[in-house]
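So the structure is just underneath, and the comments pick up after that.
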Amino acid sequence: MNTRLRGLSNKLFIVFVLICMVIVGCSNNSGGNAPKETVKETGKEVEKEKELEKEKEIPYVEIWGNNGNFKNALEKDSPYSKWMIDNVGVGYYSPLVPWEGGTAYIQRLNTRIASNDLPDAFVPWQGIEGTLIEQGALADLTDYLPKYAPHIWNAIPEDIWNVVRTSDPTGKGRIYYLPRVELYQSYGAFIRQDWLDRVGKKVPTTKAEFEDVLQAFLDQDANGNGDPNDEIPISGREFGRWMDVLFGMYGVAMWEGFPMWDIYEGEITYSGVTSNMRDAIVNLRDMYAKKLLDNETFLNSAADWSAKMNSDRMGAWFHINKNTTGPLDQLKEINPEAHLVALPVPKVDGYEGFVTHKRINRPEFVIANKGEETVINVLKILDWIHDPANREENIYGVEGVDHEVVNGEKVLLPPDFEGNSAKIVGNFVFDLDSLLVQLELESKGVDAETVKIIEQRNQIVKDNQAYSKSIAGDGLTASVYEGYADIQNHTSYQEVMTKIIIGDYPIEKFDSFVEEWYKSGGEEVTKRVREWYAQASK
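Everything in the sequence shown is counted per our numbering, starting at 1 for the first residue and increasing by one.
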């Protein structure tokens, strides 16, 4: 009897539960139709899940480079990342890493290296790629380039790839970095034509004429603002950076203020220990004493130097020629008559002056050794940029960020340093013809004043080519400095050069520096460089 009652109770309970479920179902779904709000909400959730799923499928790579003056990091959902996703199916991102002449950048990069957390791709600096290659931290790109980066592979001449191969510390001739290749002279000296006009001088071509012009800039109201005492004839930056023309006029191979290796007395030699360098320093000491060279040169940070240039106070300077539109833009706001022209390398009797040309400007990108997928994804982005079919799209960039469309024509927008991020990736293989095409495209649709600025820049680029000379140490591998960081970083040279020029040391200190340089590793480094040169010249 008890068993039968228990069975009946169980049946009644099941029936009761079913009735409750029906009642609840009816109250929540009258007539079998869900409310529109519920359907809508469910649809949103489904779409969100689909978007998240899609995002998971998109590969992203972290790429480090020069952020310039931009104030924002490049996020995964940035316009540039979305642009690459649309074109190659790979997104990218980059934190905001200050550049500051490379000093702040290398500090941050070294922190990542020390924590064994390399970015997927990055600009190596101060020759760190040599050590990273030896440690196995960088990917071997040799077999990937022809297949996954054919446009880069074919754009770079074979003899340059052969020089890049000499950087392989194993001696097997493998390729570990993508070089920044400049088949034209991208550097030069510039002088204010409007200043010359005000002081009644012509563009100087000799040392004597050059000093005469600088003296006039110093003594007169060259910028025309009514104050004859605020002009700086010519300036450089701390450590003797960015005044290469003042060394180059004495035949010193110099690149962004760093002495290079070139042929002196028949052999490849570090220009920082040559008699040419000694004579250049003697002249700079004299210019400094006369205040023809800015007496704050060796205190100037990058920001200080740029501020003097952009505030209509500097009469001549040395920098990257295609970037002269930047200071001209700012100068025009202060002085509408601002006019910049190329400054020839002043002729000095007994010397062959030049501006150093390195076809291999530097290693532009290396890729961390994180596996094949990382290598391929990075190369997809970089190669798309170098496809000639995408040239115009690369120049104009993203609509609403880099350009706007006016009357059906793309017009470049001024950079928004506060609101946007740097693009980080861009073309790193340049020749003069392609550059001039790019510069021509940039002038389309802009106002008349901007056209004048662009025309000045274009003429400067063309005129700077006449003073260019390729050096023997082009593409020198950083491995020659192994064990001699002081020589690689030019530390002793910079200290002695600076103190002689400002008058703290007599010129004879240079002679003892040269002797000490050879004793403290210079002899061994020179031996390695000459062995490298013999191999690279084959």
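Note that CB positions come from ideal geometry on N, CA and C, so glycine has one too. Predicted model only: the values in this text are computed from it and were never measured.
Local Cβ density within 10 Å of residue i, reported as buried at 16 or more and exposed below that
i    : result
T205 : exposed
L96  : exposed
V17  : Interpretation of V17 is limited by its pLDDT of 39, a score under 50 that renders its predicted location unreliable; the figure taken from the coordinates is listed afterwards. Counting Cβ neighbours within 10 Å, V17 comes out exposed, since fewer than 16 surround it.
D117 : exposed
S186 : buried
P228 : exposed
T274 : buried
A536 : buried
G315 : buried
V123 : buried
L328 : buried
N67  : buried
S301 : exposed
K147 : exposed
S115 : exposed
S94  : buried
Q135 : exposed
V405 : exposed
K423 : buried
G522 : buried
D474 : buried
S78  : buried
Identity of the residue in the options nearest residue i by Cα
i    : options                   : result
Q438 : E364, P388 and A534       : P388
S306 : S235, D486, E392 and M249 : S235
K370 : G91, Q535, L141 and V88   : L141
G101 : D304, K410 and D212       : D304
E531 : A448, P146 and S167       : S167
I58  : Q488, M314, E373 and G475 : E373
G91  : I106, E75, Y60 and I460   : Y60
N162 : K147, I268 and P179       : P179
E516 : Y533, D486, A536 and I502 : D486
T325 : S443, M260 and W384       : S443
Q465 : P79, P233 and E182        : E182
Q330 : Y533, L214, S78 and P414  : P414
K509 : M497, S520, Y518 and K519 : M497
K71  : D383, S301, D416 and M277 : D416
I360 : D431, I507, V378 and I385 : D431
I381 : S78, W64, I232 and I85    : I85
I133 : W64, G240 and A368        : A368
Residue i to residue j span [Cα, whole Å]
i    : j    : result
F210 : E256 : 21 Å
A137 : I500 : 41 Å
I454 : Q126 : 33 Å
E333 : N310 : 10 Å
F258 : T491 : 10 Å
D238 : D244 : One point to set straight first is that residue 238 is Glu, not Asp, in the sequence displayed. Cα-Cα distance, rounded: 13 Å.
L412 : K82  : 19 Å
R198 : E449 : 21 Å
T526 : K538 : 19 Å
N283 : P336 : 34 Å
Y351 : V252 : 9 Å
D511 : V164 : 34 Å
Y467 : K76  : 43 Å
T477 : G426 : 24 Å
V627 : R362 : This structure leaves residue 627 out entirely; the chain is present only between 1 and 538.
N276 : Y250 : 6 Å
G272 : M260 : 7 Å
DSSP three-state assignment for residue i, whether helix, strand or coil
i    : result
E265 : coil
W64  : strand
G272 : helix
G315 : strand
M249 : coil
E515 : helix
K71  : coil
H490 : coil
W125 : coil
E352 : coil
F428 : coil
M309 : helix
T206 : strand
E409 : strand
W255 : strand
S301 : coil
H386 : helix
H357 : strand
heavy atom of the ligand NAP below 7 Å from residue i C-beta
i   : result
E57 : Among the components modelled here there is no ligand, and therefore nothing to report on the ligand NAP.
C-beta neighbour in chain B for residue i, strict 8 Å
i    : result
R285 : Of the protein chains in the structure, only one exists, and it is not chain B.
Discussion item. Within 8 Å, do at least three Cβ pairs link the stretch 152–159 to the stretch 325–343?
Written reply: no
Worksheet item: Quick one: any contact between the stretch 102–113 and the stretch 126–135, if contact means 3 or more CB pairs under 8 Å?
Response: yes
Worksheet entry | Three or more C-beta pairs below 8 Å linking the stretch 456–471 and the stretch 312–331 | yes
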